[in-house]
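J.: This is the structure I want to talk about, given as structure tokens.
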Amino acid sequence: MLNSLSMTRKLMVTLVPLIMIALLVITLLLNTEVKDTSSRQAIDAAHLLATEEGNHVLSQLNYELQQLKGLASVARSRTLVPAKQRRQHFDALLKQYLQDRPALIGSWTLWEPDAFDGLDDNYRNTATHDASGRYIPYWYRDGQGNIQSEALVDYESPGAGDYYQLSKESLKATILDPYFYEIDGRPRLITSIVVPVLENGRFKGVVGVDLLVEEIQKQVSKIHPYDSGVAALFTNNAVIVAHPDEKRLGKNAEQTEGDISGEALPALLQSIRSGNAFETVTETPLFEGKTLILNDSIALSDTGYHWNLAVAVPMSKVTEEADLLVRHILIICLVSLAALIMMIIVVARNISSPLSHLAKALNDIAHGDGDLTRRLDVKGSDEVATLSQSFNTFAERIRSLVSDIAQRSEQISAISVQLEGHSQGSRDDAQQQSHEVEMVASAMNQMSATVSEVANNAQHASDSTRIGDQQVSNGQKIIDSVVHSIRQQADDLKTAAKAISALEQGSQEIGDVINVIREIADQTNLLALNAAIEAARAGEHGRGFAVVADEVRTLANRTHSSTQEIENTIANLQQQTETAVHQMNLSQQRSEASVNDVEKAREVLEQISDEMKQISGMNLQIASATEQQSATAEELLRNVQQISSVADRALQGASETADSSEQLRSVSMYLTESVKRFKY
-8 MLNSLSMTRK
2 LMVTLVPLIM
12 IALLVITLLL
22 NTEVKDTSSR
32 QAIDAAHLLA
42 TEEGNHVLSQ
52 LNYELQQLKG
62 LASVARSRTL
72 VPAKQRRQHF
82 DALLKQYLQD
92 RPALIGSWTL
102 WEPDAFDGLD
112 DNYRNTATHD
122 ASGRYIPYWY
132 RDGQGNIQSE
142 ALVDYESPGA
152 GDYYQLSKES
162 LKATILDPYF
172 YEIDGRPRLI
182 TSIVVPVLEN
192 GRFKGVVGVD
202 LLVEEIQKQV
212 SKIHPYDSGV
222 AALFTNNAVI
232 VAHPDEKRLG
242 KNAEQTEGDI
252 SGEALPALLQ
262 SIRSGNAFET
272 VTETPLFEGK
282 TLILNDSIAL
292 SDTGYHWNLA
302 VAVPMSKVTE
312 EADLLVRHIL
322 IICLVSLAAL
332 IMMIIVVARN
342 ISSPLSHLAK
352 ALNDIAHGDG
362 DLTRRLDVKG
372 SDEVATLSQS
382 FNTFAERIRS
392 LVSDIAQRSE
402 QISAISVQLE
412 GHSQGSRDDA
422 QQQSHEVEMV
432 ASAMNQMSAT
442 VSEVANNAQH
452 ASDSTRIGDQ
462 QVSNGQKIID
472 SVVHSIRQQA
482 DDLKTAAKAI
492 SALEQGSQEI
502 GDVINVIREI
512 ADQTNLLALN
522 AAIEAARAGE
532 HGRGFAVVAD
542 EVRTLANRTH
552 SSTQEIENTI
562 ANLQQQTETA
572 VHQMNLSQQR
582 SEASVNDVEK
592 AREVLEQISD
602 EMKQISGMNL
612 QIASATEQQS
622 ATAEELLRNV
632 QQISSVADRA
642 LQGASETADS
652 SEQLRSVSMY
662 LTESVKRFKY
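Straight run, no breaks: the sequence shown in my numbering ends on number 671.
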């Protein structure tokens, strides 16, 4: 599928999804990391806020604790006041202490028997004393704000007397869990701060103050983390000091907070009691969606106690900044993706544009007008520039090769025309030679007939010797006829000798033409081999040249084979022709001798009558000579027939050479037309 796409689209199809996946993974990881980090920072900030707000809320308790420690220190200096005046003096001090602190609703002290002034017996059942006479005054504000006093009660009772017993047992300052106490007929939630009075490490008594939790409730109700959260204050025993739902004040969180904390309640209670920080995310009825609940403890100095400020915040508020940052990151990633895509498009076009020009140029060479003069611009030194330079070099080499092939094709065409002319001339000469050989054969037949006739006449002459004079006149005629025949035979032999000489010269010319054809065939074969090599170098685009070169090489080989066969035939013909010429010359000489003999016979014919005895011998010689001449004529006839056969083969070879020349010219024209497709 990718093979059908352009390079730009291939880069887009391959790189863009990879970049998108990479950006998506980076965005997801970054979003997760940013969200986790931001959420962690927000939660840590909420913890810090809870700690700061808790310290601020409990700063009054710590302040009162420190002031109460000062009062305890004053109590330890009681011996500076006379024993009898000591209780009145300290009552005035407690009253003044309460008057100076509007946040307090009561101040008090409680001592061990006779530990304060040793005068308990003197104060039994008096004002602010019970039957024990121990110093146990309690100063408080009534409903009208007036300061009143009374004796403390239940200080020895378990539970109810914790305000005394706890510090006595721990020898440390104590802050009691909030509890309801009726003031002016209505229950008020208060807490007590108690500081032991120690002398040399021994417990003597306590000083304490009571304060309303309502002020703490008001402060806690103003705490709104992230503008929408709420806060609650718990003691280390999980008693609710402040809460958005005031109906839960003074109750234990284990009994009331299950609807808010849900499954996280046990962990929250554990955190409240142990003082360890706590956080969880859960569904609550306080807000839509998930809620972050966290708890931080605030230590009450020098008491060993801690109170806990718990905060509930909508998780959407906690992650609000993180969500905004994630959106910004997403926008940045999208913008970056768009920028990268644009960059890829620009780079892809810069890469594909030169390649497109290269492809267009190659396509033009392969399927267009074959412009081999076209060149690509070379810019830079990168791979594309190297490819363009290589294409230009390749095109120049192909142009040079095509130009050379075109020149060679023209040369081959000219040579083929010349070869065709020579072949036509050779064929005409061979035809003429064949015709002349036929004439020689006909003359030889006539000569053979004449020789036979001479033999018959000689036989008749031998038979006629008996009649002598009577046949002299006939003998004269026969001799004249023989002279004429022999002369005609001599002339025919001269003509045949000339024809055979002409045939020999024509054979030599044919040999010269054959040599020219062989040289042309060898040059054509070499050109075809060079063309095949260059076509192989051209690869796919040179396949047509390779086919043409192979055809030219095949034709050259056939031409070379034909010329070799013709050369062999011509050589044989020349050899036979030389033999025929020699025999012709010999026959001519013999014919001339016969003429001389006949002339002598003519001269002595008049003496025939006197030499009849010699005529018989001479007739025998004539018969023998004519027989030998007949055999020679028959041999010459066979040679002439062989020459005729060679001439026929030479004619056939000349025809084949002409046909090969025509084929070579056709191939040359095809090669020329093929090369003309290119512009070089």
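Note that beta-carbon positions come from the ideal geometry of N, C-alpha and C, so glycine has one too.
Source: prediction; values computed, not measured.
Closest to E103 by CA distance: which of Y146, E141 and K86 is it?
T.: The count along the sequence shown starts at 1 and reaches residue 103 at position 112. For the residues Y146, E141 and K86, the minimum Cα distance to E103 belongs to Y146.
J.: Out of I406, S651 and G176, point me to the one whose CA is closest to N135's CA.
T.: Counting from one through the sequence shown, the residue named residue 135 turns up at place 144. This sequence places Gln at residue 135; Asn is not what is there. Comparing Cα-Cα distances from Q135 to each of I406, S651 and G176, the minimum goes to G176.
J.: If you run the structure through DSSP and keep just helix, strand and coil, what is E279?
T.: Numbered from 1 along the sequence shown, position 288 holds the residue referred to as residue 279. In this structure, E279 counts as coil in the three-state DSSP scheme.
J.: For F194, report the span of its beta strand (DSSP E) as first-last.
T.: For the purposes of this step, residue 194 is taken as the residue at position 203 of the sequence shown. It spans R193 to L203 - the beta strand (DSSP E) in which F194 sits, taken as one unbroken run.
J.: What do you get for K238, buried or exposed, if any count of 16 or more other CB atoms within 10 angstroms of its CB means buried?
T.: Along the sequence shown, read from residue 1 onward, the residue named residue 238 stands at position 247. Looking at its Cβ environment, which holds fewer than 16 other Cβ atoms inside 10 Å, K238 is exposed.
J.: Give the C-beta separation of Q567 and N630 to the nearest angstrom, bearing in mind that I take them to be a contact with Cβ-Cβ under 8 Å.
T.: Counted from its first residue, the sequence shown places residue 567 at position 576. Counted from its first residue, the sequence shown places residue 630 at position 639. About 6 Å separates the two Cβ atoms, so the contact holds.
J.: Under 8 Å by Cβ, that's how I've got L101 and G192 pegged, so tell me the actual separation to the nearest angstrom.
T.: Walking along the sequence shown from the start, residue 101 turns up at place 110. Walking along the sequence shown from the start, residue 192 turns up at place 201. The Cβ separation is near 19 Å, so there is no contact.
J.: What do you get for N227, buried or exposed, if any count of 16 or more other CB atoms within 10 angstroms of its CB means buried?
T.: Position 236 of the sequence shown, counted from the start, is the residue given in the question as residue 227. The residue is buried, with at least 16 neighbouring Cβ atoms inside 10 Å.
J.: Per DSSP, what kind of secondary structure is L260 in: helix, strand or coil?
T.: As a position in the sequence shown, residue 260 is number 269, starting the count at 1. Helix at L260.
J.: Is H451 close to chain C, meaning its C-beta is less than 7 Å from at least one C-beta of that chain?
T.: No chain C is present in this structure, which holds just one protein chain.
J.: Are the segment 243 to 261 and the segment 220 to 234 in contact at 8 Å, needing three or more beta carbon pairs?
T.: Cβ pair count under 8 Å is three or more, so yes.
J.: How about I148 and L167: do their beta carbons lie closer than 7 Å?
T.: By one-based count along the sequence shown, residue 148 stands at place 157. By one-based count along the sequence shown, residue 167 stands at place 176. According to the sequence displayed, residue 148 carries Ser and not Ile. No, these two residues do not count as a Cβ contact at 7 Å.
J.: Given a cut-off of 7 Å on the beta-carbon distance, is the pair R77 and V188 in contact?
T.: Position 86 of the sequence shown, counted from the first residue, corresponds to residue 77. Position 197 of the sequence shown, counted from the first residue, corresponds to residue 188. Cβ atoms of R77 and V188: not closer than 7 Å.
J.: Should P93 go down as buried or exposed, given a rule of 16 or more other Cβ atoms within 10 Å for buried?
T.: Counting from one through the sequence shown, the residue named residue 93 turns up at place 102. Label assigned to P93: exposed.
J.: Can we say the segment 199 to 211 touches the segment 52 to 61, given the rule of at least three CB pairs closer than 8 Å?
T.: Counting Cβ pairs under 8 Å, three or more are found: they touch.
J.: Please classify D684: is it buried, with 16 or more other beta-carbons within 10 angstroms of its beta-carbon, or exposed?
T.: As shown, the chain starts at -8 and ends at 671. That puts residue 684 outside it, with no answer to give.
J.: Mapping DSSP to helix, strand and coil, what is H234?
T.: Translated into the one-based positions of the sequence shown, residue 234 becomes position 243. Here H234 sits in coil by DSSP.
J.: Ends of the beta strand (DSSP E) at V302?
T.: Within the sequence shown, the letter at position 311 stands for residue 302. That run of the beta strand (DSSP E) goes Y296 to P305.
J.: Rounded to whole angstroms, what is the Cα-Cα separation between A522 and E500?
T.: Locating residue 522 in the sequence shown gives position 531, where the first residue counts as 1. Locating residue 500 in the sequence shown gives position 509, where the first residue counts as 1. One C-alpha to the other measures close to 32 Å.
J.: Shortest alpha-carbon distance to T384 belongs to which of L62, D395 and T364?
T.: Reading the sequence shown from its first residue, position 393 is the one you call residue 384. The shortest C-alpha separation from T384 is found at T364.
J.: Looking at the structure shown, is Y88 part of a helix, part of a strand, or coil, going by DSSP?
T.: As a first step, residue 88 is located in the sequence shown; it is residue number 97 there, counting from the start. Y88 falls in the helix class under three-state DSSP.
J.: Output the boundary residues of the beta strand (DSSP E) element that contains T271.
T.: In the sequence shown, counting from the first residue as 1, residue 271 sits at position 280. Counting along the chain, the beta strand (DSSP E) containing T271 begins and ends at F269 to E274.
J.: Check whether the Cβ atoms of V211 and P169 lie closer than 7 Å to each other.
T.: Sequence index remark: in the sequence shown, residue 211 carries index 220 (1-based). Sequence index remark: in the sequence shown, residue 169 carries index 178 (1-based). No; because the gap between Cβ atoms is not below 7 Å, this pair is not in contact.
J.: For S288, name the three-state secondary structure that DSSP assigns.
T.: Looking up residue 288 in the sequence shown gives position 297. If DSSP states are grouped into helix, strand and coil, S288 belongs with the strands.
J.: Kindly confirm or deny that the segment 125 to 132 and the segment 79 to 96 touch, where touching means at least three C-beta pairs closer than 8 Å.
T.: Yes, since at least three Cβ pairs between the segment 125 to 132 and the segment 79 to 96 fall closer than 8 Å, the two stretches touch.
J.: I'd like the list of long-range same chain contacts for N299, defined as Cβ closer than 6 Å, with 5 residues on each side in sequence excluded.
T.: As a working note, residue 299 is residue 308 in the sequence shown. Within the same chain, N299 has close Cβ partners F225, I263, N286 and S288.
J.: Quick check on this structure: which residue in I458, N587, L520 and R549 has the alpha carbon closest to the alpha carbon of L602?
T.: By one-based count along the sequence shown, residue 602 stands at place 611. Correcting the residue identity first, residue 602 is Glu in this sequence and not Leu. When each option's Cα is compared against that of E602, the closest is I458.
J.: To the nearest whole angstrom, what separates the beta carbons of I96 and L203, a pair I think is in contact under 8 Å?
T.: By one-based count along the sequence shown, residue 96 stands at place 105. By one-based count along the sequence shown, residue 203 stands at place 212. The pair is a contact, with the Cβ atoms about 6 Å apart (cut-off 8 Å).
J.: How long is the line joining the alpha carbons of E597 and E569, rounded to whole angstroms?
T.: Looking up residue 597 in the sequence shown gives position 606. Looking up residue 569 in the sequence shown gives position 578. Each residue's Cα considered, the two are about 43 Å apart.
J.: Could you compute how far the alpha carbon of Q555 sits from the alpha carbon of L655?
T.: Here residue 555 refers to the residue found at position 564 of the sequence shown. Here residue 655 refers to the residue found at position 664 of the sequence shown. Their backbone Cα atoms lie some 17 Å apart in a straight line.
J.: Measuring only the C-alpha atoms, how far is V538 from T486?
T.: As a working mapping, residue 538 is identified with position 547 in the sequence shown. As a working mapping, residue 486 is identified with position 495 in the sequence shown. Rounded to the nearest angstrom, the two C-alpha atoms are 53 Å apart.
J.: Based on Cα-Cα distance, which residue from E401, L277 and T623 lies nearest to E663?
T.: Residue numbering aside, residue 663 sits at position 672 when the sequence shown is read from its first letter. With the sequence shown as reference, residue 663 is identified as Thr, and Glu is not the correct amino acid for it. Among E401, L277 and T623, the Cα nearest to that of T663 belongs to E401.
J.: Give me the Cβ distance between C324 and T18, rounded to the nearest whole Å; I'm assuming they're in contact under 8 Å.
T.: Taking the sequence shown and counting its residues from 1, one reaches residue 324 at position 333. Taking the sequence shown and counting its residues from 1, one reaches residue 18 at position 27. The Cβ separation is near 5 Å, so the contact holds.
J.: Can you say whether H47 is buried or exposed, counting buried as having 16 or more other CB atoms within 10 angstroms of its CB?
T.: Counted from its first residue, the sequence shown places residue 47 at position 56. Counting Cβ neighbours within 10 Å, H47 comes out exposed, since fewer than 16 surround it.
J.: Rounded to the nearest angstrom, what separates V272 and V317 at their Cα positions?
T.: Taking the sequence shown and counting its residues from 1, one reaches residue 272 at position 281. Taking the sequence shown and counting its residues from 1, one reaches residue 317 at position 326. Cα to Cα, the separation comes out at about 20 Å.
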